[in-house]
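Residue numbers (the working numbering): 7 to 706. Beta carbons: idealized from backbone N, C-alpha and C, even for Gly. The model shown is predicted, which means the values in this text are computed figures rather than measured ones. Down below is the structure, laid out as structure tokens.
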Amino acid sequence: MTQAREVRTTCPYCGVGCGVLAKVAADGAVTVRGDPLHPANFGRLCSKGSALAEIIDLDGRLLHPEIGGKRTNWDDALDLVASKFSQAIEKHGSDSVAFYVSGQLLTEDYYLANKLMKGFIGSANIDTNSRLCMSSSVAGHRRAFGSDTVPGTYEDLEKADLVVLVGSNLAWCHPVLYQRIVAAKDKRPGMKIVVIDPRRTMTADIAEMHLAIAPDGDVALFSGLLGYLAAKDRLNRDYIAAHTNGFDEALAAAPSLADVAAWTELSPETLSAFYALFAASEKTVTVYSQGVNQSVSGTDKVNAIINCHLATGRIGKPGAGPFSITGQPNAMGGREVGGLANMLAAHMDIENSEHRDRVQRFWASPAIAEKPGLKAVDLFRAVGDGRIKALWIMATNPVDSMPEADAVQAALAACPFVVVSDVLARTDTARHAHVRLPAAGWGEKDGTVTNSERRISRQRAFLPLPGEARPDWRIIADVARRMGFAEAFDHQHQAAVFAEHAALSDFENGGARDFDIGRYAGIDAEAYEAMQPFQWPARPEGRESIRFFDNGHFYTPDRKARFIAVRAHEKAAPNPAYPLTLNTGRIRDHWHTMTRTGKSPRLSQHIAEPFAEIHPLDAALHGIADADLVRLESPHGSVVVRALVTMRQRRGSVFAPMHWTDQFASNARIDTLAPAVVDPISGQPASKKIDIRMHKLAAS
Ligand code: SF4
């Protein structure tokens, strides 16, 4: 009989990156518990993490390669993928092909996909669903710091006197981080929490202040805070002079308190109370996530927040700093390997010829992408208008998760050649694939992920590969070799891929600034297996910790941080045909398009069906009662959901979760409503402010 064993791995859901101990009993039954030694969670797990053992059955799995919906063998499937991509490149050029990848991929998968597209195909047409999650933060960091550097750590949240949560429902979307804040507040009752969100979310229940801000009012709010800090002489003028540029221009853009009140629809008294609390709290962390990033002004919002931290010198210190929390388990790992269409591996810059040259020499590649590729929304537009002839989608479901989801579906239906590699056989995206490639899932594959505080942890296999499934990195290498790049993709083990990624990132050898994981450049399979979670920048010998920006040096040419002068856009006039504002988001117990959490009856008990939160006055105006079925409509689509009438919602706004697909409910694909409108700097879609109308569904 097989011995029971316990394997140390990492949760595959959110960007908190909790450590998980997965126990496989002698009879093969799997149970999970939080890893008490993992520094992200110290043994805690949320509802999703603790239900992981319930979602690892093989129901609905893609177990064999398929061509045209029929089972085939790996050689035929891989030969076809390689030849179709090679033919498209030969006939139409390297920009006629694209990859759309995912923050669910492990770093090793992400690295090889980027290497193939940017270094060997010679295009940067590889973008990721992380574009929908944190690309505005990436752009904001680069503008302010000269690099995409997240300075915060989870410990900072526990050490802060004031935690400001902007557009972040931590209680449901990053539950273990929320638990850590609650525990810290229990120990230090003087610690204050402010939640800035149009909805009164569960997170607001622990807050001293909830600012029910008008959608997209954040630029005005934080730009106004900068003005307040200056007016009340609460600036750190020494820090501004020594370590920053552009303060005067940013201050000149600050609106008056009356203008902020008009924009945010918050009273001057509420604004003054928040501003005074911020001014008085030296140890302040401002956490932000999708409510900031998913906006036409997402990048400006990020910089408005960073401006306030630079103005007070509250950055690079324990318990202080701006802190963008990532949504997905490996959004940060994707950033390390250049997973976005406008980035290069190892945090290098695709528009910097020296960086391109360094990466090309390292890869010994025949080509290197010379310009940024198509960002997600533009990428699917290019699929729709025929510019993309061959598309490979890895581990994601854009037919349900992209804005104007029906247009994305039509684009895939018209695309000459679509490959989908995924664990599931029949997602709404996989239905459009000419070739389906079975990928290994969580618990079946080995690799690394990086969480929101830049901590790299191992995901480890504890289950056998089912059917003919293969790890993504291996599938990518298999295709690359068939496209003629055998030598560069001859990795025999995931450790070899990680070792190569680490070598390219080696600071000592001219790799990315301070992204010093170079000590893993020579790592072998045994050491990789034993790897413990570690945070970058790595701690040098003899130093307890190293903290980004603790010396006041940034990654701009003059080493100074940049204030960005941001101005709130003119408020758009209400759209009389679509007078309500839809805000989309997540619920506590489901993840993305429910392909995994939808398997757990326990998780589905929390909220069993798609719904819309509606303010009581809006409900009354529309003749809607609690639990009625309502239709939400935008110019792009319509959905039917259950009304949840609640004072938690702002008047004029409606909230609906984005999880449900046709597999779990009919007519509930929320992203069919969202317009393909993006932040002009980051390319991130604006999923939080969608013009809709609503009416009660007549009883049939
Ligand atoms: Fe997994 Fe996130 Fe929950 Fe941690 S908080 S167990 S990473 S879903």
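Less than 8 Å between the CB atoms is what I'm expecting for residue i and residue j, so what's the real figure, rounded?
{"i": "H216", "j": "V201", "result": "5 Å"}
{"i": "N589", "j": "R205", "result": "7 Å"}
{"i": "D428", "j": "A445", "result": "6 Å"}
{"i": "Q296", "j": "C52", "result": "Not confirmed; about 17 Å, so no contact."}
{"i": "L650", "j": "E619", "result": "5 Å"}
{"i": "Q498", "j": "G453", "result": "Incorrect: roughly 15 Å between the Cβ atoms, too far for contact."}
{"i": "P470", "j": "C20", "result": "Not quite, the Cβ-Cβ distance comes to about 27 Å (not below 8 Å), so this is no contact."}
{"i": "S688", "j": "V144", "result": "7 Å"}
{"i": "N131", "j": "L385", "result": "7 Å"}
{"i": "N457", "j": "V22", "result": "6 Å"}
{"i": "A259", "j": "T290", "result": "Incorrect: roughly 22 Å between the Cβ atoms, too far for contact."}
Where residue i and residue j are concerned, what is the direct C-alpha to C-alpha distance, given to the nearest angstrom?
{"i": "V38", "j": "A57", "result": "8 Å"}
{"i": "K695", "j": "V684", "result": "11 Å"}
{"i": "A416", "j": "T435", "result": "11 Å"}
{"i": "G146", "j": "W80", "result": "43 Å"}
{"i": "V156", "j": "S129", "result": "28 Å"}
{"i": "I523", "j": "S262", "result": "46 Å"}
{"i": "R525", "j": "G344", "result": "20 Å"}
{"i": "L350", "j": "V425", "result": "24 Å"}
{"i": "L346", "j": "N557", "result": "29 Å"}
{"i": "I634", "j": "Q669", "result": "Residue identity check: residue 634 is Asp in the sequence provided, not Ile. Whole-angstrom Cα-Cα distance: 22 Å."}
{"i": "E342", "j": "D33", "result": "39 Å"}
{"i": "T113", "j": "V647", "result": "37 Å"}
{"i": "N309", "j": "S153", "result": "13 Å"}
{"i": "R466", "j": "A536", "result": "10 Å"}
{"i": "D41", "j": "F540", "result": "15 Å"}
{"i": "P691", "j": "A10", "result": "46 Å"}
{"i": "I462", "j": "A579", "result": "46 Å"}
{"i": "R553", "j": "K307", "result": "24 Å"}
{"i": "E271", "j": "R393", "result": "44 Å"}
{"i": "A508", "j": "A533", "result": "14 Å"}
{"i": "F105", "j": "A631", "result": "45 Å"}
{"i": "H420", "j": "N358", "result": "The sequence as given places Ala at residue 420; His does not occur at that position. Roughly 36 Å separates the two Cα atoms."}
For residue i, list the residues DSSP reports as bridge partners.
{"i": "F105", "result": "I132, W398"}
{"i": "G643", "result": "S640"}
{"i": "T456", "result": "I462"}
{"i": "T292", "result": "V170, P328"}
{"i": "M123", "result": "The partner list for M123 (beta bridge, DSSP) is empty, contrary to what the question assumes."}
{"i": "E12", "result": "K29"}
{"i": "H701", "result": "R637"}
{"i": "R476", "result": "A445"}
{"i": "T433", "result": "T433 is not bridged to any residue."}
{"i": "N251", "result": "R568"}
{"i": "Q541", "result": "R461"}
{"i": "L316", "result": "DSSP output for L316 lists no bridge partner at all."}
{"i": "K76", "result": "I73"}
{"i": "L350", "result": "M354"}
{"i": "S278", "result": "According to DSSP, which records beta bridges pairwise, S278 is partnered with nothing at all."}
For residue i, which residues of its own chain have a beta-carbon under 7 Å away from its beta-carbon, when the five flanking residues on both sides are left out?
{"i": "A567", "result": "A150, F151, H249, T250, L316, F560"}
{"i": "H628", "result": "M700, H701, K702"}
{"i": "W369", "result": "K121, G125, A494"}
{"i": "A439", "result": "V424, V425, V426"}
{"i": "W597", "result": "Y19, K54, T603"}
{"i": "D530", "result": "A501"}
{"i": "A213", "result": "I199, V200, V201"}
Once you ignore the five residues that flank residue i on each side, which residues in its own chain have a CB closer than 6 Å to its CB?
{"i": "I61", "result": "R602, K605, S606"}
{"i": "L609", "result": "A57, D595, T603"}
{"i": "V107", "result": "A119, T134, M400"}
{"i": "A680", "result": "P409, S693, I696"}
{"i": "A94", "result": "S102, V103, K395, A396"}
{"i": "M489", "result": "A88, S92"}
{"i": "I570", "result": "R149, N309"}
Using a Cβ-Cβ cut-off of 8 Å (strictly less than) and excluding sequence neighbours within five positions of residue i, which residues of its own chain qualify?
{"i": "M208", "result": "N175, A177, W178, R594"}
{"i": "S659", "result": "P204, R205, P221, L586, T587, L588, N589, H621"}
{"i": "D355", "result": "M349, H361"}
{"i": "R654", "result": "R205, R206, T207, E619"}
Given the structure, does residue i come close to the ligand MG, in the sense that its CB is under 7 Å from one of the ligand's heavy atoms?
{"i": "V182", "result": "Questions concerning the ligand MG fall outside what the structure shown contains, since the ligands it does hold are the ligand SF4."}
Which ranges does the alpha helix (DSSP H) cover as unbroken runs of at least 4 residues, wholly within the stretch 21 to 67, from first to last along the chain? 53 to 56
Just to confirm the assignment: which complete beta strand (DSSP E) runs, minimum length 3, are found wholly within the stretch 587 to 640? 617 to 620, 635 to 640
Return the chain-ordered ranges of every beta strand (DSSP E) run that is complete within the stretch 644 to 692 and spans a minimum of 3 residues. 659 to 663
For the stretch 164 to 233, which segments carrying the alpha helix (DSSP H) assignment without a break, of at least 4 residues, lie completely within its bounds, in sequence order? 176 to 179, 181 to 193
What runs of the alpha helix (DSSP H), each 4 residues or longer, lie entirely inside the stretch 378 to 423? 382 to 390, 404 to 407, 411 to 420
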